[in-house]
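Beneath this line is the structure, given in structure tokens, with notes to follow.
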Amino acid sequence: MDKKINVTIWNEFVHENTNEACKKMYPGGLHLAIAAGIACDDFDIKYATLNQDDEHGLSEDVLKNTDVLIWWGHCAHDKVKDEIVDRVMKHVWEGMGIICLHSAHMSKVFRRLNGTTGKLLWREANERERIWCSNPGHPIAKGLPESFSLPYEEMYGEPFQVAPDAQPIFISWFEGGNVFRSGLTLQRGNGRLFYFRPGHETFPTFYDANVRKVIQNAVYWCNPTYRAAYPKTHRPDADEPITKKEVDFGKAGIVQD
Ligand code: ZN
């Protein structure tokens, strides 16, 4: 590639400091495992976390220089400042790509971009998940098998209150019988969004080769092809001549009382 894709992995980074199982599974943080899984010559990867500074590591400068933002959050969604959410929205509408992972379905950024509550069913029972690809022609599914399984995961089940224009690429079946639309794409403004379900903090999901491949493919797909603020001139002069004319009520089919 001519230019590297600038990826910023935003991790809440709270469970790793408070939950022994998570600390053991992801020493140093989930963001490091996600980065190790997608690293390649085409990506320049940086990190941002909730408490690293008073802007959650997402200054205007960081976002301006981010092509694709990856978001993992769970227990501190409400700690994310609204002004930072507004900033992320602006950049997505202008074209920045965003990948929301697992419990990010309840994050402020996903709920605002999705436009619904983002609610779903869930069960933490270390059950097997089989993920089926329902759209193998999509670039995010490139190189993946028709299905793959994860031995231990948290169940997310339907109904998933997601926007009706979300396009499913992956569908999960769980050992306990539930199903879920696990991989979904949305276009918001100029920006592309991919939601991917797996990735509970105490399970080894981010070490799985197929999960890593999906996220890596999604970075390529979410990389902006066009990025600009909405045009400043909202009332442009006409390019073609317009003949000034009065409204003919008869021709317009308007009947006045
Ligand atoms: Zn979880």
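Every number in the numbering used here is 269 more than the matching position in the sequence shown, counting from 1.
Backbone N, C-alpha and C define an ideal beta-carbon position, used for all residues, glycine too.
Being a predicted model, the structure only gives us computed values, none of them experimental.
Pair within 8 Å by beta-carbon distance, Ala308 and Asn383 = no
Please classify Gln430: does DSSP put it in a helix, a strand, or coil?
-> coil
8 Å Cβ shell around Asn286 - same chain, five flanking residues per side excluded | Lys292
Given a threshold of 16 other Cβ atoms within 10 Å of its Cβ, counted over all protein chains shown, does Pro296 qualify as buried or as exposed?
-> exposed
Between the region 392 to 409 and the region 421 to 437, are three or more C-beta pairs nearer than 8 Å?
-> yes
Measuring from the CB of Ser416, is there a heavy atom of ligand 1 at a distance below 7 Å?
-> no
Taking DSSP as the reference, what is the three-state secondary structure of Ser372?
-> helix
Reduced DSSP secondary structure (H/G/I, E/B, other) of Gln321 = coil
Excluding the 5 residues preceding and the 5 following Ser403 in the sequence, name in chain order all residues of the same chain whose CB lies nearer than 7 Å to its CB.
-> Pro437, Ile438, Phe439 and Ile440
Taking the Cβ atom as the reference point for each residue, do Val276 and Asp313 lie within a distance shorter than 8 Å?
-> yes
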